[in-house]
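FYI, our numbering numbers position 1 of the sequence shown as 279, with every residue one higher than the one before it. Worksheet for the structure shown next.
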Amino acid sequence: MKFENLQWLSGLSSWQNLDMSRVDLSKASDWFQVTNTLPSSMLVELHMSCCELNQIPVGVANMTRLEVLNLRWNIIWGTIPQWLYTCSNLESLSLYLNLLRGEISSSTGNLTAIVNLDLSPNQLEGKMPSSLGNLCKLTVLDLSRNYFSGSVSEILGSLSRCSSGPMESLKLSTNDFLGPLSDQLGNFRHLRLLALSSNSISCPIPVSS
């Protein structure tokens with residue numbers, strides 16, 4: 279499905295859930311302007327996967343109630359905009375399979391409501407900020423298939439700062455992380471899936487007391 283004009287969207291003043299997934303917006307020259315007029319006070323979920331988007335709609339910054347932002351399978355390039363980290367009500371953010379570059383900002387720690395964060399696979403790099411430790415509701419974290427580096431023990435240390443963290447799925451595979459693993463791995467009492475393959479981690483998994 280394709281649209282060349284999205285002005286009709288600006289009239290959706292009371293919608294809470296908008297799903298435009300698999301709608302080709304590459305020919306819609308006004309999509310950027312129209313997203314700025316979406317009902318910022320009402321929208322809770324915005325799904326725009328497989329839309330051929332090349333940037334994150336800046337209008338998202340005004341969506342104060344937004345809890346779910348799904349931008350999977352697009353061609354979004356450049357760095358993650360700083361304003362995205364001000365969306366403090368976000369519970370689920372998926373930027374899966376885009377062309378994002380650069381490092382993850384320490385402002386990630388502002389997303390304290392986040393439960394599901396998917397940044398795989400992109401071209402992101404650098405060390406993960408210690409502010410990840412602020413995300414005490416995080417249940418699913420996927421950083422796989424990027425160019426992240428640094429000590430995997432530091433990441434585990436940051437994520438385990440929450441005494442009863444609910445982390446169930448942690449995917450760090452296919453990056454440039456280094457070992458050794460730390461005993462803090464045993465703090466993840468609810469962990470069901472741990473993916474560490476294709477890194478430089480060679481030590482045995484520690485036995486938790």
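C-beta: ideal position from N, C-alpha, C; glycine also.
Residue i in three-state terms, based on DSSP
{"i": "Val322", "result": "coil"}
{"i": "Ser409", "result": "helix"}
{"i": "Gly428", "result": "strand"}
{"i": "Ala391", "result": "coil"}
{"i": "Asn295", "result": "strand"}
{"i": "Ser327", "result": "coil"}
{"i": "Val301", "result": "coil"}
{"i": "Leu349", "result": "coil"}
{"i": "Ser372", "result": "strand"}
Whole-angstrom distance between residue j and residue i, CA atom to CA atom
{"i": "Leu395", "j": "His468", "result": "17 Å"}
{"i": "Ile392", "j": "Lys305", "result": "33 Å"}
{"i": "Gly443", "j": "Glu403", "result": "25 Å"}
{"i": "Ile353", "j": "Ile382", "result": "18 Å"}
{"i": "Tyr425", "j": "Leu321", "result": "33 Å"}
{"i": "Thr452", "j": "Val338", "result": "30 Å"}
{"i": "Leu421", "j": "Glu330", "result": "22 Å"}
{"i": "Val346", "j": "Leu459", "result": "32 Å"}
Residues near residue i by beta carbon distance below 8 Å, same chain, minus five either side
{"i": "Ser478", "result": "Asp454, Phe455, Leu456, Gly457"}
{"i": "Thr390", "result": "Ser366, Asn412, Leu413, Cys414, Lys415"}
Per DSSP, cross-strand counterpart(s) of residue i
{"i": "Trp355", "result": "Leu377"}
{"i": "Gln401", "result": "Arg379"}
{"i": "Val418", "result": "Asn394, Ser447"}
CB-CB length for residue i against residue j, believed under 8 Å
{"i": "Ser438", "j": "Gln462", "result": "4 Å"}
{"i": "Thr357", "j": "Gly387", "result": "17 Å between Cβ atoms; not a contact."}
{"i": "Pro399", "j": "Leu371", "result": "With a Cβ gap of about 15 Å, Pro399 and Leu371 do not count as contacting."}
Cβ-based neighbour list, residue i, same chain, cut-off 6 Å, excluding 5 preceding and 5 following
{"i": "Glu432", "result": "none"}
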